[in-house]
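Here's the structure, in structure tokens; my notes come after.
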Amino acid sequence: MSDGEAVRVAVRVRPFNSREKSMNAKLIIKMSGKTTYITNPADNEKKDFAFDYSYWSHDGFKEDGEGNLLKDGGSNYATQRMVFEDLGQGVLDNAFEGYNTSLFAYGQTGSGKSYSMVGYGPNKGIVPITCDELFKTIEGNAETNKTFQVTFSMLEIYNEQVRDLLTKNSPKGGLAVRQHPSMGFYVDNLKKVPVGSYKEIEARMEEGTKNRTVASTNMNATSSRAHTVVTITFDQVTEAEDGSRMKKSSTMNLVDLAGSERAESTGATGDRLKEGANINKSLSALGNVISALAEISTGKAPKGKMVPYRDSVLTKLLTNALGGNSKTIMIAALSPASVNFDETLSTLRYADRAKQIKNKATVNESPTDKLIRELREENEKMKLLLEGGGLTLAQLMEQSGQDENAAKGISEEDKEEMRRQLEEQIRREMQENEKQAVMMSADAGNQWNNELAAAKQEMSIGTGDDNLAKTTPHLSNLNEDIMLTGMIQHYLTKEVTVVGRLGDDVEDDISMSGISIKPVHCKIEMTKDEVIICPVDQGASVKVNGDTLTGPFALKHKDRVLFGLNHLFVFYNPKNPQVREGTPEKVDWEFASLEMTKEQGVAWDAQDMNTEQQRVRNEIAELYPMIAKANAISEELNKYKSFDIVLVSTMKDNPSNKGADKSSGANYPQGIVVVKMTNLLNGNTWLWERSQFINRKFIMEEHYQRFSEGDQSVLSIDKEFDPFYEPIEDVLIGTATYFLQPLAYRVDTDERAAIYDYKGKVEGSVNVGIYPCDQTGKILNDAFVEVPEQLLNQPYFFKILIKDAEISKARFAKGVQVRYQVLGDSSVQKAGDFKPSLTPKFNFERVVAFPNLGQYELEYLKNGSIIFLVYGKQEDLRLDPSKKHMTTKQLRAAEGQKMDGLSSSTNALMNVLSGDDKKMVSDLKIAQKQNQVLKTHENKIKALCDKYSEMPPTPENYAALLEEISRVITLEHTVKEKMKAIALVARMTGAGSSKQGPDEETQKLHREITSMVSRVENSTRGLEQKLENTNQHPQQHEHKSEKSKKKSKKRSKRASNSSSDSESSESCVSIESERKRQEAPRRHDSSSACNLQ
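If you're matching positions, the sequence shown starts at 1406 in my numbering and goes up one per residue.
Okay, structure coming up:
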């Protein structure tokens, strides 16, 4: 292995989840053998990647009676067992041979990492199967002179802090990661427990998962943001006939990495604080390590290139796994959905780099006597040095494996403190050496047995009755990570159970911590027939099935209960399993978390929504609990900031709209869900993209955690590091939408459109004209086309003229600017330079060119729109002195911003997404133009019929009539052919034919012409009637709009009527004004048919 052994890499694709199904996502992954293909949904471009294994687990499976997922027939579905046999069995075999082994899973949140590593239900993953097979092999060992020792540890890395998951209480700041001269990096004081069977490992993993669940809930952390590392140390000691012993050791690291998409989305925001948080430092550092190792392995790295292992806690602990003494396997989990294309492609590229890394694994085998002697000799050497007191700081740093350059430029006081810490570290290393020596001594077997017995005794303490859940009412937790769901059970065994805040001097039965949990939060009373829950503290937030409780409430089986903002549970009552109407058979996180948002107008029934509305609903539902946390933290830290969800209209081909689904072809309006932050003291506002807000939210939580632990410095933190601070920027006043459908018929649009803010309220108007033109910008008149496809494969030009605007609010008098993008624009176009005025004159002109109009561009014209975003210049206004004495909580309550406004704004905006009202204006405009054209055609044909009715019915006259009609309208192919035939006959027969009567063929043609003219008349009458209905009964449109509003009211009981009504009336006014401006003259006289007799 002089050249090393490459890291083996596998990829696995999962089925669609419910969210992807609701969004009608398309399949973008295909596998053939070891090759994985991914298709870009925007342009259908394919990329391929070759790995050691490509596992197809998207479809082709069936479920047996016990819930196991099995291959269905001859499909290529990869089962859990198949994945283990390829990957886990290799880990196990290498461990028995004495190699260190590592297996880590990488991918975005929800891609299936944990399913492959741990599994779910009866479908066990690689880790449990490996542990099970390990002990099966040990039990089958026939060598009497060989003994086995297995130890287990489990830790979590969150925000660059290490937490021991086998202990309930970790020290403040987490466990320290230290470096040993021979053992490398290790976690100081990490609990390592002996295990003697797979059941013991299973119990320890459940214990660790429970502790992880409690910690993530109490610390407001998200499980997908943490790395979980399970380490199994496996020793085999063989005793020879002469009494000498040989030890073979293996360390198995099984790593479930944090969700990869978080690091990428945070980095993409350009947020000034993206380096301020440690949330994804580990993943970023891991990527740098993999890139550096890949360059070194392929010979592309410069000489002496250093691998940045020390940049994060994770990379320190994985030093051996990547480029060191280990046989390593990586499994990359893939989402199959088009909506996750960017993240999935990033995962594939990450895995492609990892396969280039080469490790140099060696068998860890040596005589125990030699190891013991070396360890104790090293201890004696360090002891003499410490007792002599002659060690310099440089010697201490060298002895502890640290870079001596780190001590340069620091004060003598700091050097002395460093000396003290290094001496403590050396003493700890001496203790670790002695512990290792004892474990390898002749009496190690007895000591091992004693420690194993103690570990078993520890596990038996506090073990509950397995049947308790079947007989006792209880609360069971829900978590977005399915592996953490059901890990916390609170059994209601007392008449009154008190729920309180952890750490307060209050006698409670269920202790919770985190944002919005009060010292005595609520009480749960058991009566003879009911279980009653009631909030105690006035500010205690308790929701049941999405409704906030204000008094006692009787719980029923499978009710969902949310305590504060983090603690979500399902209530189970085996004594009375009757459920409420509408309760699903299986209550999961997705259902319950969406339900908790219904008071805010988010938990709507998806069946009335189009795909775009469903996408927006899902994003709002995801952000809502984060918004609630950010507002709660702002109140706790008194930051005078309030947060709200905002929906901004844009186009899916807009380069700034990274979240848009580009898989469905034509360009149409989409909503970007963003977060609005408001300064409660002066009214200034900012809009944050989702990824930027999520990054800030995690930093807020980090600060809140420090504050809750007694660190008051976060209250006066420098604004450079304050997640609530943002420099002044231009503010979005609102948007105006112009549909492009008239352009597809070469009809202009020239109107003043309302500017709607994010709540659907009118903030002013903008005057824009969009005209078909030639390449010089000259506007085309009377260029109407009846069929848009006539424009294909030829140049197409249109002019945009942004004339002026009128803004309502005086605070924007400093200046206004209009921004927009058209299909093909690589950047945002701007009109105006923020000149002080509330009635700015822009007079901005631009000619847009499609050199060769294709089907995609035509679909853009037929179905797309231009969203004009109107921005106002914002300045750092003085704080309102009347508000300074009020707290953030008081200001939010006084201004009615305690999330109540979300209902009206989201309902209004979801209606805007349908585009029905504004689209109706475009349809009306095109119908009017079509009516004008058809009326002209009809009048001309009538005149021709009148003219030729007085002529003899000869073939020559029929041919002449058809020729003139063909100049008016496009004739059907069959009519043209017959016209040519009759003309030919006319030329052959000459003038004599004029004396003959019409033959049978001529009469048949007469009937066809009459029918054709009749169809033109009917089309005209149909459009005329449609316009008449619109003009005489505009209330029908209002009725339609009101019907839509009623649906919204059903979705949310607390929707704002005023916002909906204003939007409805505005739409009707727009249609009526359009009608009056462009009303075409009407004629009701009957048309005469051709009457050649």
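Don't be surprised by glycine CBs; every beta carbon is placed ideally from N, CA and C.
Quickly, what does DSSP pair H1879 with across the bridge? List them, please.
By 1-based counting over the sequence shown, the position of residue 1879 is 474. According to DSSP, H1879 bridges with Y1896 and Y1977.
Determine the closest residue to I1443 out of E1644, G1503, F1553 and V1744, with distance taken between C-alpha atoms.
Taking the sequence shown and counting its residues from 1, one reaches residue 1443 at position 38. Selected option, being the one with the closest Cα: V1744.
Between the beta-carbon of I1734 and the beta-carbon of R1413, is there less than 7 Å?
In the sequence shown, counting from the first residue as 1, residue 1734 sits at position 329. In the sequence shown, counting from the first residue as 1, residue 1413 sits at position 8. Yes, Cβ-Cβ distance for I1734 and R1413 is below 7 Å.
Have a look at G1728 and R1906 and give me their C-alpha separation to the nearest angstrom.
As a working note, residue 1728 is residue 323 in the sequence shown. As a working note, residue 1906 is residue 501 in the sequence shown. Cα to Cα, the separation comes out at about 47 Å.
Within the continuous alpha helix (DSSP H) that includes H1463, where are the two ends?
Position 58 of the sequence shown, counted from the first residue, corresponds to residue 1463. That residue, H1463, is in no alpha helix (DSSP H); it is neither H nor E in DSSP.
CB-CB length for P1878 against V1936, believed under 8 Å:
Here residue 1878 refers to the residue found at position 473 when the sequence shown is read from its first residue. Here residue 1936 refers to the residue found at position 531 when the sequence shown is read from its first residue. Their Cβ separation, rounded to whole angstroms, is 6 Å, which keeps P1878 and V1936 in contact under 8 Å.
Residues near T1572 by beta carbon distance below 6 Å, same chain, minus five either side:
For the purposes of this step, residue 1572 is taken as residue 167 along the sequence shown, with counting starting at 1. These residues qualify, in order along the chain: K1596.
Less than 7 Å between the beta carbons of I1929 and I1938, yes or no?
For this step, residue 1929 is matched to residue 524 along the sequence shown. For this step, residue 1938 is matched to residue 533 along the sequence shown. Yes, they are a contact pair.
Y1504 (DSSP reduced to helix, strand or coil)
Counted from its first residue, the sequence shown places residue 1504 at position 99. In this structure, Y1504 counts as coil in the three-state DSSP scheme.
I'd like to know if the stretch 1991-2005 and the stretch 1876-1890 are in contact, where contact means that at least 3 CB-CB pairs between them fall below 8 Å.
yes
Candidates E1561, S1918 and D1569: which alpha carbon is nearest Q2110's?
For the purposes of this step, residue 2110 is taken as residue 705 along the sequence shown, with counting starting at 1. Of the candidates E1561, S1918 and D1569, the one whose C-alpha sits nearest the C-alpha of Q2110 is S1918.
Grab me the residues of F1421's own chain with a C-beta within less than 7 Å of its C-beta, minus the 5 sequence neighbours each way, in chain order.
Here residue 1421 corresponds to residue number 16 of the sequence shown, with the count starting at 1. Counting only Cβ-Cβ distances below 7 Å, and skipping sequence neighbours, we find A1430, P1741 and A1742.
Return helix, strand or coil for G2115, following the three-state DSSP convention.
Here residue 2115 refers to the residue found at position 710 of the sequence shown. Secondary structure of G2115 (DSSP, three-state): coil.
Between P2193 and the rest of its own chain, which residues show a CB-CB distance below 8 Å, the 5 nearest in sequence each way excluded?
Translated into positions along the sequence shown, residue 2193 becomes position 788. Within the same chain, P2193 has close Cβ partners A2149, Y2150, L2263, L2266 and K2267.
Would you list the one or two residues that DSSP bridges to Y1563?
Reading the sequence shown from its first residue, position 158 is the one you call residue 1563. Y1563 pairs with Q1566.
Could you pull out every residue in the same chain whose Cβ sits closer than 8 Å to the Cβ of L2197, ignoring the five residues on either side in sequence?
Numbered from 1 along the sequence shown, position 792 holds the residue referred to as residue 2197. Excluding residues within five positions, the ones whose Cβ falls inside 8 Å are L2258, G2259, Q2260 and L2263.
Buried or exposed: where does N1971 fall if 16 or more other Cβ atoms within 10 Å of its Cβ makes it buried?
One-based indexing of the sequence shown puts residue 1971 at position 566. With 16 or more other Cβ atoms within 10 Å, it is buried.
On the three-state DSSP scale, how would you describe Q1641?
On the sequence shown, position 236 is the one that residue 1641 refers to. Strand, per DSSP.
Is the distance from the Cβ of L2145 to the Cβ of S2232 below 7 Å?
Here the question's residue 2145 lines up with position 740 in the sequence shown. Here the question's residue 2232 lines up with position 827 in the sequence shown. Against a cut-off of 7 Å, the Cβ pair of S2232 and L2145 comes out as no contact.
What first and last residue would you give for the alpha helix (DSSP H) that runs through Q2180?
Start at 1 with the first residue of the sequence shown, and residue 2180 comes out as number 775. Here Q2180 belongs to no alpha helix (DSSP H), and DSSP marks it neither H nor E.
In terms of residue numbering, what span does the beta strand (DSSP E) encompassing Q1584 cover?
If you number the sequence shown from 1, residue 1584 lands on position 179. Here the beta strand (DSSP E) through Q1584 covers V1582 to H1585.
Once DSSP output is grouped into helix, strand and coil, what is the label at E1410?
Sequence index remark: in the sequence shown, residue 1410 carries index 5 (1-based). Three-state DSSP puts E1410 in a strand.
Using the three-state DSSP reduction, which class does T1618 fall into: helix, strand or coil?
Within the sequence shown, residue 1618 is the residue found at index 213, counting from 1. If DSSP states are grouped into helix, strand and coil, T1618 belongs with the helices.
Can you give, in chain order, each stretch of the beta strand (DSSP E) that sits fully within the stretch 2170-2225 and has at least 3 residues?
For secondary structure counted as the beta strand (DSSP E) over 3 or more consecutive residues, the stretch 2170-2225 holds these complete runs in sequence order: 2201-2212 and 2221-2225.
Other residues of its chain near P2499: CB distance less than 7 Å, five sequence neighbours each side excluded
As shown, the chain starts at 1406 and ends at 2498. That puts residue 2499 outside it, with no answer to give.
Contact set for D1457: own chain, Cβ-Cβ below 8 Å, skip 5 residues either direction:
The residue given as residue 1457 occupies position 52 in the sequence shown. Here the set comprises R1413, V1414, A1415, K1439 and K1760.
Any contact of the stretch 1587-1606 with the stretch 1551-1566, i.e. 3+ C-beta pairs under 8 Å?
Under the 8 Å Cβ criterion, the stretch 1587-1606 counts as touching the stretch 1551-1566, having at least three qualifying pairs.
Check each candidate in G1479, Q1485 and L1960 and name the one with the smallest Cα separation from G1472.
Counted from its first residue, the sequence shown places residue 1472 at position 67. Considering only alpha carbons, the answer is Q1485.
Pick helix, strand or coil for I1920, following the three-state DSSP scheme.
Numbered from its first residue, the sequence shown carries residue 1920 at position 515. Correct three-state label for I1920: coil.
If N1505 and N1769 are in contact, beta carbons under 8 Å, what's the gap, nearest whole angstrom?
For the purposes of this step, residue 1505 is taken as residue 100 along the sequence shown, with counting starting at 1. For the purposes of this step, residue 1769 is taken as residue 364 along the sequence shown, with counting starting at 1. The beta carbons of N1505 and N1769 sit about 7 Å from each other, so the pair counts as a contact at 8 Å.
Drop a sphere of 10 angstroms on the beta-carbon of E1990, count the other beta-carbons inside from all chains shown, and report buried for 16 or more, exposed for fewer.
Counted from its first residue, the sequence shown places residue 1990 at position 585. Exposed.
With distances taken between CB atoms, is the gap from L1857 to G1613 smaller than 7 Å?
As a first step, residue 1857 is located in the sequence shown; it is residue number 452 there, counting from the start. As a first step, residue 1613 is located in the sequence shown; it is residue number 208 there, counting from the start. No.
Test: M1917 CB closer than 7 Å to a CB of chain C:
Absent from the structure is chain C; it holds one protein chain and no more.
What's the C-alpha gap between F2247 and D2238?
For this step, residue 2247 is matched to residue 842 along the sequence shown. For this step, residue 2238 is matched to residue 833 along the sequence shown. C-alpha separation (whole angstroms): 9 Å.
Taking its Cβ as the centre, do 16 or more other Cβ atoms sit within 10 Å of A1754, making it buried, or is it exposed?
The count along the sequence shown starts at 1 and reaches residue 1754 at position 349. Note on residue identity: the sequence assigns Arg, not Ala, to residue 1754. Exposed: under 16 other Cβ atoms inside 10 Å.
Give every residue of the same chain whose Cβ lies closer than 8 Å to the Cβ of T2090, excluding the five residues on either side of it in the sequence, and list them in chain order.
In the sequence shown, counting from the first residue as 1, residue 2090 sits at position 685. Here the set comprises K2081, M2082, T2083, N2084, V2136 and Q2279.
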